[in-house]
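Asks: Numbering of the sequence shown is given in our numbering, commencing with residue 15 and proceeding in unit increments.
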Amino acid sequence: MIGRAERLPVVILLSGRGTNLQAIIDEVRAGNLPIDIRAVISSNPEAAGLARARAAGLRTEIVDHRTYPTRAAFEQALIAAIDAHAPKLVTLAGFMRILGRDFIEHYRGRLINIHPSLLPQFPGLDTHARALAAGAKQHGASVHFVTPEVDAGPIIIQAALPVFPGDTPETLAERVLKEEHRILPLALRWFAEGRLTIRDGRVLLDGKPCPEQHLVGSASRD
């Protein structure tokens, strides 16, 4: 097990069920992920992920965007809540708010997101239905650094899986979610271990740009 003092301080933002948060918690408990989750912050007071965090003994906070007159005011409040915990990394784990340039620049190089598609394909919402409508043969998930352009930041790791005949948005979403649970904790571990750098808009792992280091895949229906 890695001692708490050696762990990277992290704040996690979410808006929904928190299944990616649970995957992170499980890896921390298993001793595979050297991070200290300082707080879990939600924009949605009803997010089920808050219950997951509390069950794990984590500090939770709510910054409800609906209580602020402008997006700028909301983001300033969110920054204040995050910075109170002095994180070295902020992770968007199902955080369903588009963040503005000032917020993103404040955390440049230490803000990452999980997205349910093989970026740059299908940025934004409804990725599974759009992949099926486009006749995609492969689909998957991406972990990337966040930049002001939506879902366009440097990619850390992707997981690819085949699209099967008869897939629906729901079946595809279920399989992709399993891949998200695999690659997000892995990306966090690489960051915590100091193995990631960004050069010329591309993420390097251990100083190497080899694509094989950043793409993993699954062919299973399970």
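From the three backbone atoms N, C-alpha and C, an ideal C-beta is built for every residue, glycine too. Since the model is a prediction, treat every value here as computed from it, not as a measurement.
Alpha carbons only, please: which of G32, E41, P48 is nearest the one belonging to R68?
Replies: Along the sequence shown, read from residue 1 onward, the residue named residue 68 stands at position 54. Among G32, E41, P48, the Cα nearest to that of R68 belongs to G32.
Asks: Grouping DSSP H, G and I as helix and E and B as strand, with all else coil, what is L22?
Replies: The sequence position of residue 22 within the sequence shown is 8, counting from 1. In this structure, L22 counts as strand in the three-state DSSP scheme.
Asks: Three or more beta-carbon pairs under 8 Å between the region 157-169 and the region 185-192, yes or no?
Replies: The region 157-169, when compared against the region 185-192, does not touch it at the 8 Å Cβ threshold.
Asks: D50 and R21: beta carbons closer than 8 Å?
Replies: Taking the sequence shown and counting its residues from 1, the one referred to as residue 50 is at position 36. Taking the sequence shown and counting its residues from 1, the one referred to as residue 21 is at position 7. Yes, the pair counts as a contact, with Cβ atoms nearer than the cut-off.
Asks: Exposed or buried, which one is N34 when buried takes at least 16 other CB atoms within 10 Å?
Replies: Residue numbering aside, residue 34 sits at position 20 when the sequence shown is read from its first letter. N34 counts as buried, since at least 16 other C-beta atoms from the protein chains shown sit within 10 angstroms of its C-beta.
Asks: On the DSSP letters alone, give me the boundaries of the beta strand (DSSP E) that V54 sits inside.
Replies: Along the sequence shown, read from residue 1 onward, the residue named residue 54 stands at position 40. That run of the beta strand (DSSP E) goes 49-56.
Asks: What alpha helix (DSSP H) runs, 4 residues minimum, are completely inside the region 162-211?
Replies: 183-206
Asks: Ordered along the chain, which non-local residues of its own chain (more than five positions away) have a Cβ less than 7 Å from that of D220?
Replies: Numbered from its first residue, the sequence shown carries residue 220 at position 206. Around D220: R209.
Asks: From E60, P23, G30, pick the residue whose C-alpha is nearest to that of P48; which is it?
Replies: Stepping through the sequence shown from its first residue, residue 48 is reached at position 34. Taking only the C-alpha atoms, the option nearest P48 is P23.
Asks: Looking at the structure shown, is R63 part of a helix, part of a strand, or coil, going by DSSP?
Replies: On the sequence shown, position 49 is the one that residue 63 refers to. Reading the sequence as shown, one finds Gly at residue 63 and not Arg. Reduced to three states, the DSSP call for G63 is helix.
Asks: If we ignore side chains and look at the alpha-carbon of each, how far apart do T141 and Q152 end up?
Replies: Taking the sequence shown and counting its residues from 1, the one referred to as residue 141 is at position 127. Taking the sequence shown and counting its residues from 1, the one referred to as residue 152 is at position 138. Going from the Cα of T141 to the Cα of Q152 covers about 12 Å.
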